[in-house]
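Asks: Submitted below is the structure of interest, expressed as C-alpha cells.
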Amino acid sequence: MPAYQFTAMDASGKQQKGVLEGDSARQIRQQLRDKHWLPLTVEPVENKQKHQSGHWLQKKFSAYDLALITRQLSVLVAAAIPLEEALGAVAKQSEKNHVKNLLLAVRSKVVEGHSLAQAMQQAGRFPELYVATIAAGERSGHLDLILEQLAEYTENRFAMQKKIQGAMIYPVILLLMSFAIVMGLMTYVVPDIVKTFQQSKQALPWITVTLMQCSDFIRAAWPLMLLLSAMLILGGAKFLKTSAGHYAFDRLVLKLPLFGKLSRGINAARFASTLSILTQSGVPLVDALRIGAAVSNNWMMRDAIHAATEKVIEGGNLATQLERCGYFPAMMVQMIRSGEASGELDRMLARASTMQDREVTTFIATLLALLEPLMLVLMAGIVLVIVIAVMLPIVNMNNVI
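Take the sequence shown: its letters are residues 17 to 417, numbered as in this note's numbering.
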C-alpha cells in the first residue's frame, strides 16, 4: 500500500504534517476529513523523495540512522516477520520524518513486488555497499544473516566515527581557547603594560620591541586578518570541491608524517571491512573491489584500488597489486595473499579488517594522547615569551636604579 505525506489544518487551526498509507491520495484526504482535518497537500512519499533528492536543504541520512534501522530490520526479519511488516514497524519506530518517509517509500516498492535491494536502490539514499550486500543476501536466501552482518558493520563504522569525533573535541577546544587567550593578551594586556616602558625612554630588549610591534599590528589589522582568513577558508573549501583540489589535498595528506599514516590506516580498514562483508555475502570479487574503492575517502587510494581491480580482471593477484601501490599495510597485504593461496579470502579479509580496526584505534588514541600535552606546551611557550618580553625591561630598570 503506497505511503503519502500530507499537510493538513486541524480543528484548532494548527498545521499538522505526517505520513499515512492508502490506496490513493483521495483515500488519504478522506481519512483526514474523518479526523475533522482540512487537507492542504497530499503527495506520494516516493515523489517527495525524488523532488528533494537534489535539494540542498535535504536532511542527511546519518550513519546513526543507518545503523539503527539495520539492527531493527535484522531483529524483525530474524524473527520471521514478513519484510513489508518489518519495514512498516521500523518506519513507525523512527522519530525522524525523513527516515520514516524513506522507509515507507521502500516498503511501498516491496509491496508492489520489487525486491528489497531494488527498492533501496530506487530510493537513492542507501550506500552502494548496502544495496549490493542485501541483493546478495536475497539471492542466497539468507537475508536475515546478511542483515545481521550489515548491522554489525554499520554499528562498528558509527562507533569508530563517534570515537574520532569525541576524541577531537578536547584538542579543538584547547586550540580555540589558546588562540583566544593569546589574542586577548596581545590586544588588551600587552599594550597597557608597554606604555610604561615607552614613557621611560630607555632602550628596550629586542624581544620586547618585537612583541610591541606584533601587538600594534594585530590591533590595527585584525579586521583585515579576519577577512583574509574567511576568504582563505571559503576559497580553500571551494577548491577542495574540485577534482584537482581533492587530488591535491589527498596527495598532501598521504605525504604527511603522522596524518598520512592515519589516513592510510583508516581507508585500509574501511576497504578491508567492505571487501570482507561483500565476499562473505557471495558478491563476486571484482564487484566487491569496485564497491570497496567507492567507500574510500582518499581518491589516490581509490584510484589505486581501481587499477588493482583491472589487473585482477586480467588474471592478476590482488595482494600483489595492492602491494605495488604502497598504500596498504604490509601485514594486511600478506593476510590477503595467504587467503588467496588457501582459498579462504573472505575469512582472511575478516581477520585483516579486525586487525586494521584495532591498529587504527590504537594509533588514534596514541596520537591524541601526544597532541594534548604538545598543545599545552605550545601554549605555555607562547605565554612564556610574552612574560619574558614584559619582565626583561622591568629587570633592567631595577638594575639601573
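Just so it is clear, CB atoms sit at the ideal spot from N, CA and C, and this is done for glycine as well.
As the structure is a prediction and not an experimental result, all values here were calculated from the model.
For Val106, which residues from the same chain have a beta carbon less than 8 Å from its beta carbon, with the 5 sequence-adjacent residues on both sides left out?
Replies: Cβ within range, chain order: Ile85, Gln88, Leu89, Leu92, Leu119.
Asks: Checking 8 Å against the spacing of the C-beta atoms, do Leu278 and Leu383 come in under that value?
Replies: Cβ distance < 8 Å, so Leu278 and Leu383 count as in contact.
Asks: If Gly418 and Leu163 are in contact, beta carbons under 8 Å, what's the gap, nearest whole angstrom?
Replies: One cannot answer for residue 418 here, as it falls past the ends of the chain, which runs 17 to 417.
Asks: Using DSSP bridges, identify the partner residues of Val35.
Replies: Answer is Gln21.
Asks: Tell me which residues share the same chain as Val205 and place their Cβ nearer than 6 Å to its Cβ, disregarding the 5 neighbours each side in the sequence.
Replies: For Val205, where only same-chain residues beyond five positions count, there are no Cβ hits under 6 Å.
Asks: Would you check if the distance between the CB atom of Arg45 and the CB atom of Pro55 is smaller than 8 Å?
Replies: Result yes, Cβ atoms of Arg45 and Pro55 sit closer than 8 Å.
Asks: May I ask which residues mark the beginning and end of the beta strand (DSSP E) holding Val311?
Replies: Here Val311 belongs to no beta strand (DSSP E), and DSSP marks it neither H nor E.
Asks: Can you find at least 3 beta carbon pairs, one from the segment 351-370 and one from the segment 290-303, that sit closer than 8 Å?
Replies: The segment 351-370, when compared against the segment 290-303, does touch it at the 8 Å Cβ threshold.
Asks: Please report the straight-line C-alpha distance between Gly200 and Arg235, rounded to a whole angstrom.
Replies: So the alpha carbons of these two residues sit roughly 10 Å apart.
Asks: Determine the contact status of Ala284 and Phe379, defining contact as a CB-CB distance below 8 Å.
Replies: No, the Cβ-Cβ distance between Ala284 and Phe379 is not below 8 Å.
Asks: Could you spell out where the beta strand (DSSP E) holding Val58 opens and where it closes?
Replies: That run of the beta strand (DSSP E) goes 54-60.
Asks: Measuring alpha carbon to alpha carbon, tell me which of Leu132, Thr336, Thr203, Val403 ends up nearest Gln229.
Replies: Here the closest residue by C-alpha is Thr203.
Asks: Report yes if the C-beta distance between Gly281 and Gln337 is below 8 Å; otherwise report no.
Replies: No, these two residues do not count as a Cβ contact at 8 Å.
Asks: Closer than 8 Å by C-beta to Ile329: which residues in its own chain qualify, once you throw out the five before and the five after it? Chain order, please.
Replies: Taken in chain order, the residues that qualify are Val302.
Asks: Assuming contact is defined by CB atoms lying nearer than 8 Å, are Met391 and Pro187 in contact in what I supplied?
Replies: Going by C-beta atoms, Met391 is nearer than 8 Å to Pro187.
Asks: Run the CB neighbour count on Trp53, radius 10 Å, all protein chains shown included, and call it buried at 16 or more, exposed below.
Replies: Buried.
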